[in-house]
Structures are given as structure tokens and as C-alpha cells.
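Chains as they are written, first to last, in the working numbering: chain A, 32 to 266; chain B, 32 to 266.
Yeah, the Cβ is synthetic: ideal placement off N, Cα and C, and Gly gets one too.
Notes for the one structure printed next.
Number of protein chains: 2
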Amino acid sequence: MLATPVLQARGDARGSPIAAVVLTGAEVDQTAGLLSLRERQAFTIFATAETHRALAENPIFQVLAADVVTRKTIAPGERFLLPGGVGAELFRVPGKVALYLEGENPTTDAETGANVGVELDYGAKRIAYVPGAAAVTAPMRERLARADVVFFDGTLFHDDEMIASGTGGKTGRRMGHMPLDGEDGTLAALGRLPGRRVLTHINNTNPVLIEGSAERRQAEAAGFEIAEDGMEIVL
Amino acid sequence: MLATPVLQARGDARGSPIAAVVLTGAEVDQTAGLLSLRERQAFTIFATAETHRALAENPIFQVLAADVVTRKTIAPGERFLLPGGVGAELFRVPGKVALYLEGENPTTDAETGANVGVELDYGAKRIAYVPGAAAVTAPMRERLARADVVFFDGTLFHDDEMIASGTGGKTGRRMGHMPLDGEDGTLAALGRLPGRRVLTHINNTNPVLIEGSAERRQAEAAGFEIAEDGMEIVL
């Protein structure tokens, strides 16, 4: 969930500076925050048809009153404008449907509208935001290469990290997340991009969270930063 | 949502001291927190059939894996045991179904399993927790009178407070919440109970939140306390 503020103070008791929310998928990480924005704050949700369908199938999201909160369906590749004049475009990223929509054997690297990234532009500046990716395709890499800043999926360092630590039974790839490490990992795939690269959506088992760890040094040596709460980026 | 801890430290990376959750309804206030307890933490959800049905109708709650999170249906009036040996009983409270389940003209003071209170007992001590109430019935009053501490719906002070402040179009009663003020308000209804009375579920328009306000003094003079974050009650 990417919330974009309007450049305007709201002083009333129920005011919110959030004018738009862009969803890159229907996973709990992306959508549960919507339930804190209710009940009658006007804003627009931009998302693909797949993500809007997942919301519609959950009556609880009806707390976002239809006459107040607008739901706009955006096709991947279609540029749209956010309040404040920021341009945006969604793009397909190999990945998985949300956990609660999985069948028996979900495809974990499908390129559909269920899992997308978002590219923001304002003047000549560009930001790409990709919180979940099973792989980096050639068109994705081209898009990321033109961004001044890329926020990218940093879920796990090692694909089997959760199994090894006893915190889960799934590999990162099973969850639709490529690991940072390895020949086909994120550090290798995005190591030579020209812009800043910031790892986000980091799982609490990932040793890049530990300052001074070997893995943190490896990520930093490859040119990656680690996102943190309250981080500010000036372009 | 009332989360009850086990008396045991959990030191692992995904540990949680929460062994049970008791839901008094399916409103977002009660249920959205469940989405922060995922994904594979073992605990039990105790709730009425009505509340469990509302959860089941929202696929997003399937993130609480069925083989890990147990959902137990409890009928109002049936005593059950929480982990740690605390006794509990749900009881019907006049109120409303969750906002997202409302039809055109919802009944706002129905006594069904959709809106309940919970009474906890441990040894000779009793706590009652009623975050939403449209009225205090005679059986409810009897039950509340035997509690050492009552946590009670403090949503609005004046029934038309949200309309008057421009924050909403509904009265408290339309939302299934009796006001604190007035002849049939909460201060009058529970003014003579022997135990401690703590107002909870307080809306941000309610002037009892302001220390020193006339309404705060009125509530305090009637013997009520105002709940706050981190509040601890010793029995």
C-alpha cells in the first residue's frame, strides 16, 4: 500500500492528508491498512482489476463507503495521475496471488495483474516501488534502470531462511519472493542499476536487518540501502 | 477484541504471548487486529456463531491458517475456559451488526449473538467488558453489578455529537451506541454500580477525553474512569 498525501493541511477532527492509495496487490500487507482509513474519509484507491476483485470479495472493506472512497481500476501499462500531479503506472511483476486466494498449488511467478509494481514520475524524476517479486524480467529491469530510486522486495536473504530458522515451512520462492542472495537473487539482478536501490518488505528473519552482519555488508557492497521507519528520500 | 496472554515467555523470532482472542462482534474495531496476528501463530478465537460467520464470509481472514488457529463457537450464556484458567461467558447486549453487514435500515438495538459482552472470572474476581451497547437491560445490569470492574461503551457523550461537530451524519444510537449523557444514558444507567467502571471505545469527538472538561468532570462525579493506553488494573 502506497499512500500519497495531498499538499494541504487538514485540521479538522477527522482530517487525513491521504488523498490516494495505490495497491500493488491484495495481500494483507497491502490492504489491511485500508481498515484504518475508514470510515468516511474521501480518497481514491488505484489498483488492478484483480486487486479490486479481491477487495470486493471481502465485505469488511465496505467500511470504505462507496459514496466517499472511489475505487479506480487501472490496467498495467496505463499511465494515470495521482492527486498533486504525480504520474503513475502499474506494471506486471512475476509473483503470486494473495495468500488467502491461493489454491492447492499456486503459481508463484505468474505475470498477472495480481502482483504489480508502481512507477511514479514527477518532472524528470522517477521512483519505482516493487515490494514483491519472484524474478526480474528484462522489461522490468529496463524500467527499474531509469528510476532515480528503486524500492525493491527484500523479504529474505536466503531462500530457505525461514525453514532454517524454524519460523516457517516455506521457501521465499514458494511465497513469490526471490531471495537477495545467489546467482539469480536480487543483489545480482539489480547490482548494476544506476539509481539508488532500497530494500523494503524485509522479513524479520533477514540478517540484513542487523547492522554489521555479513549479509548487511554484502548488500551494502552491492549498492543497496535498507529501508527503515521514517525514512525520507529527497530527489 | 480481547487478547488473553499465556503466563509464559516466548523468546523465538515469531513468538507471541497471545493464546486466545475473544471477539464481542465482527466490527472492524474488533476483528482487524486479527490480521496482525497472522500467519502461523497458534491461538484460539472464541466468538459467537454470528461473529464466526462474518469472519468466514471474508476470505482475507484465511491468513489465520485453519491448522494453526482454532475457531471455537461459543453460545451466549455458556461458560468456557480461557488458557491460564480464566473463566469466560459471553452475553447478549442490545446493539447492531457490523457496519459492513448492515442492510438498508438496520435494527440498532437487537439482542442477538452479533453483539455481546464478555464476563471474565478468576477465583472470586470478575471483570465485564462491553465495548458496544445500545441499552442496558435488567439482566445485563444484574451481571454488571457483580463485576469488580466493568469496561463499558463510552463512544459518545451526546447522542448527536458527531453531527454537531461535522464529523459524521449519524447519531450514536444509529450506530448502536447509547450516549453517556441523558436520562437513559450510560452515566445514569450504571451510576450506582458497586464496582469500578471504566469507559472504553471512546470516539475522538467525546469531550470526556479532555482532562478538566465539564463532561469529564460529570463522568468522574458519576464514578466513571476513562480508559487509556497502557492502563493496568490490579484486582
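Apart from the five residues on each side of it in sequence, which residues of its chain come closer than 6 Å, Cβ to Cβ, to residue i?
i                : result
Ala165 (chain B) : Pro125, Gly126, Thr139, Asp140, Gly207, Met209
Val229 (chain B) : Phe182, Glu256, Ala258
Thr198 (chain A) : Thr236
Glu192 (chain A) : Thr236
Val117 (chain B) : Leu151, Tyr153
Arg71 (chain A)  : Ala96, Val99
Asp212 (chain A) : Phe188, His189
With H, G and I counted as helix, E and B as strand and the rest as coil, what does DSSP make of residue i?
i                : result
Glu109 (chain B) : coil
Gly64 (chain B)  : helix
Val161 (chain B) : strand
Phe188 (chain B) : coil
Leu86 (chain B)  : helix
Thr104 (chain B) : strand
Ala250 (chain A) : helix
Ile49 (chain A)  : strand
Ala78 (chain B)  : strand
Ala220 (chain B) : helix
Leu266 (chain A) : coil
Glu267 (chain B) : Residue 267 (chain B) is absent from the model: chain B starts at 32 and stops at 266.
Glu173 (chain A) : helix
Val99 (chain A)  : coil
Ala119 (chain B) : strand
Ala141 (chain B) : strand
With a cut-off of 7 Å, does the C-beta of residue i fall near any C-beta of chain B?
i                : result
Asn136 (chain A) : no
Ala78 (chain A)  : no
Ala195 (chain A) : no
Gln39 (chain A)  : Since pLDDT at Gln39 (chain A) reaches only 41, below the 50 mark, its modelled position is unreliable, and the value read off the structure follows with that caveat. It does not; no Cβ of chain B falls within 7 Å.
Ala73 (chain A)  : no
Ala178 (chain A) : no
Ala63 (chain A)  : yes
Taking 7 Å as the cut-off, decide whether the C-beta atoms of residue i and residue j are in contact.
i                : j                : result
Val239 (chain B) : Phe188 (chain B) : yes
Ala220 (chain A) : Val167 (chain A) : yes
Leu54 (chain A)  : Thr82 (chain A)  : yes
Pro107 (chain A) : Arg123 (chain A) : yes
Gln93 (chain A)  : Tyr160 (chain B) : no
Asn146 (chain A) : Gly163 (chain A) : yes
Val99 (chain B)  : Ala73 (chain B)  : yes
Leu186 (chain B) : Gly203 (chain B) : Correcting the residue type first, residue 186 (chain B) is Thr in the shown sequence and not Leu. Cβ distance < 7 Å, so Thr186 (chain B) and Gly203 (chain B) count as in contact.
Arg227 (chain A) : Val180 (chain A) : yes
Leu66 (chain B)  : Val59 (chain A)  : yes
Gly79 (chain A)  : Gly144 (chain A) : In the sequence as presented, Gly is not what sits at residue 79 (chain A); that position holds Thr. Yes, the pair counts as a contact, with Cβ atoms nearer than the cut-off.
Glu88 (chain A)  : Pro170 (chain B) : no
Would a check of beta-carbon distances place residue i closer than 7 Å to chain A?
i                : result
Leu66 (chain B)  : yes
Val59 (chain B)  : yes
Leu130 (chain B) : yes
Ala269 (chain B) : Nothing about residue 269 (chain B) can be reported from this structure: the residues present for chain B run from 32 to 266 only.
Ile49 (chain B)  : no
Identify, in the order they occur along the chain, each residue of the same chain with its Cβ nearer than 7 Å to the Cβ of residue i, setting aside the five sequence neighbours on each side.
i                : result
Arg177 (chain B) : Arg157
Val37 (chain B)  : Below a pLDDT of 50, predicted positions are generally treated as unreliable, and Val37 (chain B), at 46, falls in that range; no measurement from the model is reported.
Ala85 (chain A)  : Ala57, Ala129, Leu132
With 7 Å set as the bound, which would you pick, yes or no: does the beta-carbon of residue i sit closer than that to a beta-carbon of chain C?
i                : result
Ala252 (chain B) : This model lacks chain C altogether; the protein chains it does include are A and B.
Given residue i, which residues of its chain have a CB within under 8 Å of its CB, disregarding the five upstream and five downstream residues?
i                : result
Glu109 (chain B) : Glu120, Leu121
Ile233 (chain B) : Gly185, Thr186, Val239, Leu240, Ile257, Ala258
Thr104 (chain B) : Ala78, Thr79, Ala80, His83
Checklist line | Members of the stretch 86-119 of chain A that neighbour chain B once the beta carbon cut-off is set at 7 Å | finding: Glu88, Asn89, Pro90, Ile91, Gln93, Val94
Next item on the list: Note down, in chain order, all residues in the stretch 144-176 of chain A with a beta-carbon under 9 Å from any beta-carbon belonging to chain B.
Entry: none
Margin query: Any C-beta of chain B within less than 9 Å: which residues of the stretch 197-215 of chain A qualify?
Written below: Gly197, Thr198, Gly199, Gly200
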